[in-house]
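The structure appears right after this line, and notes come after that.
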Amino acid sequence: RKISTRSDFSEKWLHDISLASKEFFPLGPLYFEPHPYHSGGSMRVRELLGPFTRFEREKVGPPFSLAVPRFTFSAWVWADRDFAQGFITRKRPVLSGPGHDLACFGLFLDDKGPQLRYAAHDHYPAAANKDSETGKTRGSANRQDPGELRVGPPSGVAEPFLAPETFALLSMVVDGSNVTFYRNLEMLGSAELPRPITDCDNNGEGLRVGSKGMAIASLRFYPEALQLFQ
16 RKISTRSDFS
26 EKWLHDISLA
36 SKEFFPLGPL
46 YFEPHPYHSG
56 GSMRVRELLG
66 PFTRFEREKV
76 GPPFSLAVPR
86 FTFSAWVWAD
96 RDFAQGFITR
106 KRPVLSGPGH
116 DLACFGLFLD
126 DKGPQLRYAA
136 HDHYPAAANK
146 DSETGKTRGS
156 ANRQDPGELR
166 VGPPSGVAEP
176 FLAPETFALL
186 SMVVDGSNVT
196 FYRNLEMLGS
206 AELPRPITDC
216 DNNGEGLRVG
226 SKGMAIASLR
236 FYPEALQLFQ
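Here is the structure:
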């Protein structure tokens, strides 16, 4: 169902979002708790996008640097009936030309579920990716190179993953060498990362947010691997 007027949103949608957020709010007792070894029990968070925002195309987001091996991205996500696939958020390796549609790291979504896509800057262009100790190039300049690594829940999910025009709280938790995906309180699965996640410079552009046919609210970054409360 589409939002046609402001009153339609305030009288119906806002009420539903409020009820759902009380049940699944990441700081609430039913959802995540900080890992005791990461921050001494304190919760740190950076809000990258606050209010409900609909996207007709990807937009430039806030400046962002990834400096920790353990972190969590979470967001309320809504997709219209024409949504096919796209990034919820990503940092791209270059601003234009080959590789501009890839990710140094990012949370991607299609009808099969979420994916961590990353390491494009370690593959292309090869000239910028020499190991500081050995001097050898990481990755390959070969155009057949996949360009980025893609990691999702190992078993996949039932299609469609996200019912059209329905909100869900999606979370991606990276804990060093593993990534775990959640939809609301449901753990979708974990997978081992084939290589560490690293940041890229990309001329200081920062993050990009959203994709055509998608709406996002409360996109947040936690510099720690959150755990499902048990």
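Count the sequence shown with the working numbering and you get residues 16 to 245, in order. The beta-carbon is built from N, C-alpha and C at its ideal position, and this holds for glycine as well. All values derive from a computational prediction rather than experimental measurement.
Indicate the three-state DSSP secondary structure (helix, strand or coil) for Ser186 in the structure shown. Translated into positions along the sequence shown, residue 186 becomes position 171. Correct three-state label for Ser186: strand.
Proximity below 8 Å, CB of Pro108 to CB of Asn218: What you label residue 108 is simply residue 93 of the sequence shown in a count that begins at 1. What you label residue 218 is simply residue 203 of the sequence shown in a count that begins at 1. No, Cβ-Cβ distance for Pro108 and Asn218 is not below 8 Å.
Check whether the segment 200 to 217 and the segment 111 to 119 are in contact - that is, three or more C-beta pairs closer than 8 Å. Flag = yes, the segment 200 to 217 and the segment 111 to 119 touch.
Using a Cβ-Cβ cut-off of 6 Å (strictly less than) and excluding sequence neighbours within five positions of Phe182, which residues of its own chain qualify? Locating residue 182 in the sequence shown gives position 167, where the first residue counts as 1. Hits under 6 Å: Trp91, Trp93.
Under a three-way DSSP split, which group does Ser22 fall into? Counting from 1 along the sequence shown, the entry for residue 22 is found at position 7. Three-state result, Ser22: helix.
Straight-line gap, Gly204 to Gly112 (C-alpha atoms, nearest Å): Looking up residue 204 in the sequence shown gives position 189. Looking up residue 112 in the sequence shown gives position 97. One C-alpha to the other measures close to 34 Å.
Which of helix, strand or coil does DSSP assign to Leu29? For the purposes of this step, residue 29 is identified with residue 14 of the sequence shown, where counting begins at 1. For Leu29, the secondary structure class from DSSP, reduced to helix, strand or coil, is helix.
Return the residue from the list Gly101, Tyr237, Pro179 that minimises the CA-CA distance to Ser80. Counted from its first residue, the sequence shown places residue 80 at position 65. Distance from the Cα of Ser80 is smallest, within the candidate group Gly101, Tyr237, Pro179, for Tyr237.
Between the C-alpha atoms of Pro169 and Pro77, what's the straight-line distance to the nearest angstrom? Taking the sequence shown and counting its residues from 1, one reaches residue 169 at position 154. Taking the sequence shown and counting its residues from 1, one reaches residue 77 at position 62. Approximately 31 Å, taken between the alpha carbons.
Have a look at Ala141 and His115 and give me their C-alpha separation to the nearest angstrom. Within the sequence shown, the letter at position 126 stands for residue 141. Within the sequence shown, the letter at position 100 stands for residue 115. Its pLDDT being 41, under 50, Ala141 is placed unreliably by the model, and the measurement read from it follows with that caveat. The alpha-carbon separation between Ala141 and His115 amounts to approximately 15 Å.
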